[in-house]
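Participant: Sharing a structure with you now.
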Amino acid sequence: MYAQMVKTDAKGVKTLEEMSPEERAFQERVDRGEKIEPKEWMPEGYRKTLVRQIGQHAHSEIVGQLPEGNWITRAPTLERKAILLAKVQDEAGHGLYLYCAAETLGVSRDELMEKLHNGSMKYSSIFNYPTLNWADIGAVGWLVDGAAIMNQVPLQRTSFGPYSRAMIRICKEESFHQRQGYDIMMKMAKGTPEQRAMAQDALNRFWYPSLMMFGPSDKDSVHSAQSIAWKIKINTNDELRQKFVDQTVPQAEYLGLTIPDDNLRWNEEKGGYDFSEPDWSEFFEVIAGNGPCNKERLGARVKAWEDGAWFREGLMAHAEKHGKRQAA
Ligand code: FAQ
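Sequence positions in the sequence shown follow this note's numbering and run 174 to 501.
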């Protein structure tokens, strides 16, 4: 029934009548809210969509360490350094849970890495923007982790079991990440005039890139209709972007900072804020590889992979030797 509802406004989503008996049984399981587990039958498109989304999500966590990792040595106090270090380590952990979830779909981690490195898989656009100063680390925690949570909380209910379970754990940690970012912003916004100006400048630069994290507007989203029918995605990109704006504006007001949008105003009728769309041509340039830091980010990941080759080879040699000994 759900699939039929989606058909009316969507691109290429099959109705129940158009589905094969296997596809229909699968859709009915999804509609009943059952979790799909790795060894169970699934349409090839469902598997591919999950590999793409979970893989890109994993890559985002790993590449996402770079803009913050840069600041671990420059954090202003020992406490801030310890907190940031823990956060960046958490992101590595999130990447690992997600790669594991993707592997249950029959794709190897090496294949996913290869696709990241040759540019055929994406990672979140946001990590192609530079972190120029300490206030940016506050803005990343507040806005980037805030947007990530807004997207990930509903994904705890996604239909694929391993992804959903990974999300539950990740969301717990993301809440701490958002709080630490907001705490940095509070310190800066309530600090000296110079610190306050830095906080405002960071908000100015990170606002629209954060809105872009939710993906293109619904009319341009290629995958949403099918992903929502399969409950891979629970909400559309625009729904989550709106929720993020509604949640973040009062937080900016509390900080005494101004969202850089002249069109921002409360709309009583819709019960949410009206706001300006990001510059979508900039978004499409960034995801095509032409953002401010794309080359640097990908270069850093490729270098890390190449520098780690000796270690992976050593581990494999050990595993093979150990395996032979056990077999004997
Ligand atoms: N960046 O048809 P749609 C984090 C691509 S985690 C780059 O709407 P979909 C934690 C999209 O892939 C952040 N590409 O796509 C952290 C597709 O291209 P394709 C990551 C984007 O999949 C914090 C095309 O545009 N979170 O930040 C973006 O239905 C701090 C058409 O788009 C996730 O990955 C984008 N922003 O919806 C770490 C959450 N948006 O693949 C460190 C899971 C769209 O056909 C520090 N993912 N594209 O070549 C999702 O919820 C979805 O995949 C969306 C996109 C909503 C991102």
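Note that the Cβ used here is the ideal one computed from N, Cα and C, for glycine as well.
As the structure is a computational prediction, the values presented were derived from the model and not from experiment.
Output yes or no for whether 7 Å exceeds the beta carbon distance between LEU163 and VAL224.
Facilitator: Lying outside 174 to 501, the shown extent of the chain, residue 163 is not represented and no answer is given.
Participant: Which same chain residues end up closer than 6 Å to TYR219 when comparing Cβ atoms and leaving out the 5 residues on each side of it in sequence?
Facilitator: If the five residues before and after TYR219 are omitted, its C-beta is found closer than 6 Å to the C-beta atoms of TRP403, all from its own chain and listed in chain order.
Participant: Note down the Cα distance separating ASN291 from ALA321, rounded to an integer number of angstroms.
Facilitator: 25 Å
Participant: Got a sec: does the ligand FAQ put a non-hydrogen atom nearer than 6 Å to the Cβ of ASP318?
Facilitator: yes
Participant: Just to check my reading of the structure: PHE417 and PHE387 have Cβ atoms closer than 8 Å, yes? What is that Cβ distance to the nearest angstrom?
Facilitator: 7 Å between Cβ atoms; contact.
Participant: With distances taken from CA atoms, which of ALA312, ALA482, GLU201, MET192 is nearest ALA425?
Facilitator: Distances from the CA of ALA425 to each of ALA312, ALA482, GLU201, MET192 were compared; the closest alpha carbon is that of ALA312.
Participant: Check this for me: beta carbons of ILE407 and TYR336, under 7 Å apart or not?
Facilitator: No. Outside cutoff.
Participant: Using the Cβ count rule (16 or more neighbours within 10 Å means buried), how would you classify ASN436?
Facilitator: exposed
Participant: In whole angstroms, what separates the C-alpha of ILE405 from that of PRO240?
Facilitator: 29 Å
Participant: Rank GLY206, LEU305, GLU346, MET358 by C-alpha distance to the C-alpha of VAL261 and give the top, closest one.
Facilitator: GLU346
Participant: Which residue's Cα is closest to the Cα of LYS187: ILE401, ARG438, ALA492, LEU428?
Facilitator: ILE401
Participant: Please determine if the stretch 295–309 and the stretch 229–243 are in contact, where contact requires at least 3 C-beta pairs separated by less than 8 Å.
Facilitator: yes
Participant: Around the C-beta of ARG470, are 16 or more other C-beta atoms found within 10 angstroms, so that it is buried, or is it exposed?
Facilitator: By the 16-neighbour rule on beta-carbons within 10 angstroms, ARG470 is buried.
Participant: Between GLU458 and ASP452, what straight-line distance do the alpha-carbon atoms span, to the nearest angstrom?
Facilitator: If I take the Cα positions, the gap works out to 10 Å.
Participant: By the 10 Å Cβ neighbour count, where 16 or more other Cβ atoms means buried, how is PHE484 classified, buried or exposed?
Facilitator: exposed
Participant: Compute the minimum distance between the beta carbon of VAL224 and the heavy atoms of the ligand FAQ, and state whether it is under 6 Å.
Facilitator: no
Participant: So, does the stretch 320–334 touch the stretch 208–215, judging by three or more C-beta pairs under 8 Å?
Facilitator: Output reads yes: the stretch 208–215 touches the stretch 320–334.
Participant: Buried or exposed, going by whether 16 or more other CB atoms sit within 10 Å of the CB of THR421?
Facilitator: The residue in question, THR421, is buried, as its Cβ has 16 or more Cβ neighbours within 10 Å.
Participant: Out of GLN399, LEU285, ASP374, which has the shortest C-alpha to C-alpha gap to THR431?
Facilitator: ASP374
Participant: Could you tell me which uninterrupted alpha helix (DSSP H) segments, each at least 4 residues in length, are contained entirely in the stretch 269–305, listed from first to last along the chain?
Facilitator: 282–290
Participant: When you compare the CB positions of GLY319 and GLN368, do they come within less than 7 Å of one another, or not?
Facilitator: The answer is no: Cβ separation not under 7 Å.
Participant: Which first and last residues belong to the beta strand (DSSP E) in which ASP447 is found?
Facilitator: 445–447
Participant: Once DSSP output is grouped into helix, strand and coil, what is the label at ASN410?
Facilitator: helix
Participant: What's the gap between the Cα of ASP263 and the Cα of HIS396?
Facilitator: 29 Å
Participant: Tell me which same chain residues have a C-beta within less than 8 Å of the C-beta of ASN377, skipping the five on either side of it?
Facilitator: PRO433
Participant: Cβ of VAL395 within 6 Å of any heavy atom in the ligand FAQ?
Facilitator: yes
Participant: Go ahead and pull the three-state DSSP assignment for PHE484.
Facilitator: helix
Participant: Out of curiosity, what's the CA-to-CA distance linking MET192 and LYS221?
Facilitator: Between MET192 and LYS221, the C-alpha separation is close to 18 Å.
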